[in-house]
Structures are given as C-alpha cells and as structure tokens.
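Below: one structure, written as structure tokens.
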Amino acid sequence: MPPGRETGSDRTRYLKERTLGILLVTPTMVIVLLVVVIPLLYAIWLSLGSTGIVISGGMGQVTGRFVGLSNYWYFLRNPSFWDAFLGTLYYTVVSLAVELVLGTLIALLLNRDFRGRWLVRAVIIVPWAIPTVVNARLWSQILNGEAYGPLNALLLQWRLIKQPVVWLNVSVFPKTAVLGPVLKFFHASLALNMVLLGDTWHVLPLVVLLILAALQTIPQDYYEAAVIDGANAWRRFWYITFPLLKPIIMIVLVVRTMDLFRVFDILYIILGYGVNVLAIKTFQEAFEFGYFGRGAALAVIVALLILLLSFVYMRLLRSDEEGERG
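First residue of the sequence shown? That's 31 in the numbering used here, and the numbers climb one at a time after it.
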C-alpha cells in the first residue's frame, strides 16, 4: 500500500478513538458548564440589574430592572468598598508572606535526613485534614477572651500577660507607635490578625508539602558541586534551591491568592460581620440587605481582581523563565 494512503480500518480506528475521547471529556465539560460557566453568566446578568426582594403581604417577591453598570460604579465610588479591599489585600499579602516563609523553612527541615522523619511528615498533615468549620470553631475557643480561654490561660500561667486579652477585638491598634498607622490604614484589627493565624495554621501543611515535593526533585549533584566550590549554606539556598523553587512558589501564590481573596468561612464563623473584607461584604449586600444585583457585581469584581493577579503572577513566571533562557 502506498505511504500516506489510509484504509477503511484506519479511518474506523481513528473515528473510534475520537469518539472515545469526546465521551471521556464530555462529563467534565458538562460539570464545568453547570458549576462554573452558567453560574458565572447568571452572576454577570444579575450584576447588571437592581434585583432585590420586596416584602408584600407577608410574602417575598423578587423584583428588578436593568441598570447597566450602575452597581459597579456604586462600589467604585463607595469608601466602604475600598476599606474592604484594603482589608482583603492586607489579609492576602500577610497570609502569603507567613505561609511561604514558614512553609519553606519547615520544608527545608523535613527534607533533611533524621530519625523519625516519616512520623513528623505524617503528623504535619493533620491541621490540613481538619474541616474549615471545625478549624474555625477550634480557634474561636482558643482565642476566647476570658481567663479560661486556652491561649489566655497559657500566657497567664507563663506570666507573659497580666490580665486576659480580648483577642477577637475588632478595633485596630491605635496605641502601637510603629505598626499602628499601617494597621489602621488597612483596617487590620487584632481579631483579623488572630483569625489569620488560625487560617495559616490550617493551610500551612499544604504549602509545606508542595515545597517539599519540589525540593525532592532537585539533584544532589548541584549541592555537592557547590560545596566543592566553597559555597556556604546561604549561597547554596539562594543560587540553587530558591531558583528551582520559583515555579512551585508561583503555583502556591496563584492558588492561595484565589483562596485568600475570597476567604469567607473562617472569618464569618469566628467574627461574623465584625471584619470588613470583600467576601463578607458580598454576602452582606446580597443576603442581609437583599441587594442581589450589588452582591453579584461585587462578586464579579472579586473574580476580575483574582484573574488580574493570576495573570500578573504568570507573566512574572514567564519573564523569569525567558530571562534564564536568555
């Protein structure tokens, strides 16, 4: 048979493989369509109207009219939106910094060869396995402002504090000379920082595992050659470990930024409406005030911010890779 000429059996096999591929992909595409695409389009449609609930005769009735981009302009001109944005930005940046620094340090320690390493690696996963609601309830008890709260009781026993501290205080730090103005600018209350601590404790094992997995892929030959050249531990980390960890660090940044910018559950369970972040404000606009159009518009704004940050991360990673190739 001349080369390049297909027989009937070849075409049949090609059609079967193509049909099988379509059948395998179809369930995933249907799920994405139902769970992501349709709700997103519906949210965009809601954001263009003044949809709300009107109580008439003891019954709730959904009403609304098309208002275009008015809901978006409402938030962009509203100081409370920018306060929530700054609070969310603070929560995201500080959480990322703490998680990456601690996660890298712990991963470097777990990457060493020591007795009982497998046990430590297994135990460190436990916080991540705890459901978010359970974790929130756990930390709300730990941060109890009474003397019998675990954190207060421990600090009182060690005589690090003289009286119980109200850890879930929603006021900012007006008396702190250095950090006070910064925390006040971002509306970063003591309560927000303590909840940040609980959220970091919960998610840190994921960051540790991702960075540890990346460390396992680095050939030991690089370090042996660096030792022969006289490089100390810091130079080995900065010139070998850190550059090779950049891709996984970018993945952590993207995934955690998406989570942190829309964080809701742990903040709402512990603080309710006592903290001003975008996710809480979205829920409040839609389900407490009944302004579904505004809530949908704010949700779309948050999604666009996340997409923008993800695009920036990807561009940074790509430019860094191109710089290394050049």
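Backbone N, C-alpha and C fix where the C-beta goes; we use that ideal spot for every residue, glycine too.
{"query": "Span of the alpha helix (DSSP H) holding Gln250?", "result": "250 to 258"}
{"query": "For Gln171, is the classification buried or exposed, using 16 other Cβ atoms within 10 angstroms of its Cβ as the cut-off for buried?", "result": "exposed"}
{"query": "Note down the Cα distance separating Asn174 from Val233, rounded to an integer number of angstroms.", "result": "22 Å"}
{"query": "Going along the chain, which residues of its own chain have a beta-carbon closer than 6 Å to the beta-carbon of Val237, five neighbours each way excluded?", "result": "Glu129, Gly133, Val282"}
{"query": "Helix, strand or coil: how does DSSP classify Tyr120 here?", "result": "helix"}
{"query": "Can you tell me whether Gly79 is buried or exposed? The criterion is at least 16 other CB atoms within 10 Å of its CB, across all chains shown.", "result": "buried"}
{"query": "What three-state label does DSSP hand Thr49 in the structure shown?", "result": "helix"}
{"query": "Is the beta carbon of Ala316 sitting closer than 8 Å to the one on Asn101?", "result": "no"}
{"query": "Considering just the uninterrupted stretch of the alpha helix (DSSP H) at Tyr72, what are its terminal residues?", "result": "68 to 77"}
{"query": "Distance, Cα to Cα, Tyr120 vs Leu54?", "result": "43 Å"}
{"query": "Enumerated in chain order, which unbroken segments of the alpha helix (DSSP H) with a length of 4 residues or greater are wholly contained in the region 267 to 351?", "result": "272 to 291, 295 to 301, 308 to 313"}
{"query": "Could you tell me if Val332 is buried or exposed, where buried requires 16 or more neighbouring beta carbons within 10 angstroms of its beta carbon?", "result": "buried"}
{"query": "Looking only at C-alpha atoms, which of Ala329, Leu184, Asp350 sits nearest to Lys276?", "result": "Asp350"}
{"query": "Return the first residue and the last residue of the alpha helix (DSSP H) that Gly228 is part of.", "result": "220 to 246"}
{"query": "Looking at the structure shown, is Phe144 part of a helix, part of a strand, or coil, going by DSSP?", "result": "coil"}
{"query": "So what does DSSP say about Phe96, is it helix, strand or coil?", "result": "strand"}
{"query": "Suppose the cutoff is 8 Å on Cβ atoms and the five residues either side in sequence are ignored; what does the same chain contact list for Ile248 look like?", "result": "Ile270, Thr271, Leu274"}
{"query": "Among the residues of its own chain, which have a CB less than 7 Å from the CB of Asn199, if the five just before and after it don't count?", "result": "Ser219, Leu220, Ala221"}
{"query": "Is Ile160 near the ligand FMN, going by C-beta to nearest heavy atom under 7 Å?", "result": "Absence of the ligand FMN from the depicted structure is noted, as is the absence of any ligand whatsoever, leaving it without description."}
{"query": "Starting from the C-beta of Val65, find all residues in its chain whose C-beta is less than 8 Å away, skip the five residues before and the five after it, and write them out in chain order.", "result": "none"}
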